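Some notes on the structure that comes next.
Numbering (the working numbering), first residue to last: 3 to 269.
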């Protein structure tokens with residue numbers, strides 16, 4: 003088999019696997035409501051497959067360096083969410099989503115210019131979430147109208163994730179770990195939620211889903227830090243597994259805390 007054809011077929015397989023992840027997560031999100039949906043949205047549905055495929059093509063040092071670039075990008079994502087949430091209360095999808103994405107691109111462009119350390123990346127996350135979580139808390143509780151899925155919703159989300167994986171995998175060899183780490187963290191799930199839900203149920207309910215994602219996104223940032231440390235110490239397979247476990251345990255803990263808070267207290 004020619005080398006180019008082998009590469010194309012392997013790339014298409016990777017894109018299909020990534021698309022299957024986002025389709026599964028989308029079905030869970032639509033059936034579980036905004037709170038559980040927000041927790042599912044902050045699992046590594048798009049970044050996870052990207053990093054798995056990067057680990058297939060590159061060594062542990064590449065993955066560890068990419069994680070250092072991804073860590074501050076997670077802070078940019080929470081500012082993107084805050085921008086959308088605030089603007090979506092009164093403005094159209096184009097204004098709200100366009101401004102949020104433009105801010106993310108601007109912040110990511112600045113982030114890629116620096117060599118980040120683990121401490122600096124963690125500090126950026128704690129400062130960003132310390133600012134954004136209190137500001138987002140007032141937008142979390144909105145009555146969620148019934149969402150009717152249209153035929154193109156799932157294919158659009160799947161194609162966005164598949165495209166992201168294709169870009170990350172295809173360009174990683176010449177852009178290096180720093181830019182690969184930035185691209186891998188593009189918030190595909192958040193962007194697709196804005197585009198799909200805002201025209202259908204309105205800005206405030208869509209903003210409520212993103213607002214409920216803030217704590218889960220903080221755990222995702224911790225998972226990136228765990229991945230960096232574990233990849234350096236134990237190699238890429240162990241590092242990726244520990245990062246996924248961190249996300250799952252963090253979100254299950256948030257779900258358990260939420261369930262306890264909702265239970266009526268006995269007199």
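Note that CB positions come from ideal geometry on N, CA and C, so glycine has one too.
What you are looking at is a predicted structure, and each value in this text was computed from that prediction instead of being measured.
Enclosing alpha helix (DSSP H) for residue i [first to last residue]
i           : result
residue 123 : 120 to 138
residue 194 : 190 to 203
residue 233 : 216 to 236
Residue i, DSSP secondary structure in three states
i           : result
residue 48  : coil
residue 91  : coil
residue 61  : coil
residue 142 : coil
residue 261 : helix
residue 116 : coil
residue 70  : helix
residue 187 : coil
residue 9   : Residue confidence for residue 9 is low, a pLDDT of 43 falling below 50, so the modelled location carries little weight and cannot support an answer.
residue 96  : helix
residue 268 : Summary for residue 268: the model assigns pLDDT 47, below 50, so the residue's position carries little reliability; its value from the coordinates is reported in the next sentence. DSSP places residue 268 in coil when its eight states are reduced to three.
residue 56  : helix
Nearest-angstrom beta carbon gap, residue j and residue i [assumed within contact, 8 Å]
i           : j           : result
residue 210 : residue 261 : The pair is not a contact, with the Cβ atoms about 19 Å apart (cut-off 8 Å).
residue 116 : residue 80  : Not quite, the Cβ-Cβ distance comes to about 19 Å (not below 8 Å), so this is no contact.
residue 62  : residue 85  : Actually they are not in contact, since the Cβ atoms of residue 62 and residue 85 sit about 35 Å apart, beyond 8 Å.
residue 118 : residue 71  : 6 Å
residue 65  : residue 241 : 7 Å
6 Å CB neighbourhood of residue i in its chain, flanking five on each side removed
i           : result
residue 217 : 256
residue 144 : 206, 207, 210
residue 69  : 226, 229, 230
residue 236 : none
residue 77  : 126, 127, 130
residue 67  : 179
residue 233 : 62, 65, 66, 241
residue 269 : For residue 269, the predicted structure reports a pLDDT of 48, less than 50, and the residue's modelled location is therefore unreliable. A value from the coordinates is still provided. For residue 269, where only same-chain residues beyond five positions count, there are no Cβ hits under 6 Å.
Other residues of its chain near residue i: CB distance less than 8 Å, five sequence neighbours each side excluded
i           : result
residue 46  : 53, 222, 225, 245, 246, 249
residue 134 : 80, 81, 83, 84, 216
residue 114 : 71, 180, 181, 184
residue 195 : 43, 208, 211, 212
Same chain, Cβ closer than 7 Å to residue i, neighbours up to 5 away in sequence not counted
i           : result
residue 213 : 87, 138, 141, 142
residue 253 : 41, 44, 45, 218, 221
residue 91  : 205, 206, 209
residue 74  : 113, 118, 123, 126
residue 238 : 57, 62, 65
residue 169 : 185
The ligand ZN heavy atom lying under 7 Å from the CB of residue i
i           : result
residue 247 : Absent from the structure shown: the ligand ZN. Ligands present: none.
How about the region 95 to 112 and the region 121 to 136: do they share at least three Cβ pairs that are nearer than 8 Å?
no
With three or more C-beta pairs closer than 8 Å as the rule, is the region 197 to 204 touching the region 173 to 188? no
(Q) Counting beta carbon pairs with one atom in the region 103 to 122 and one in the region 46 to 62, are three or more of them shorter than 8 Å? (A) no
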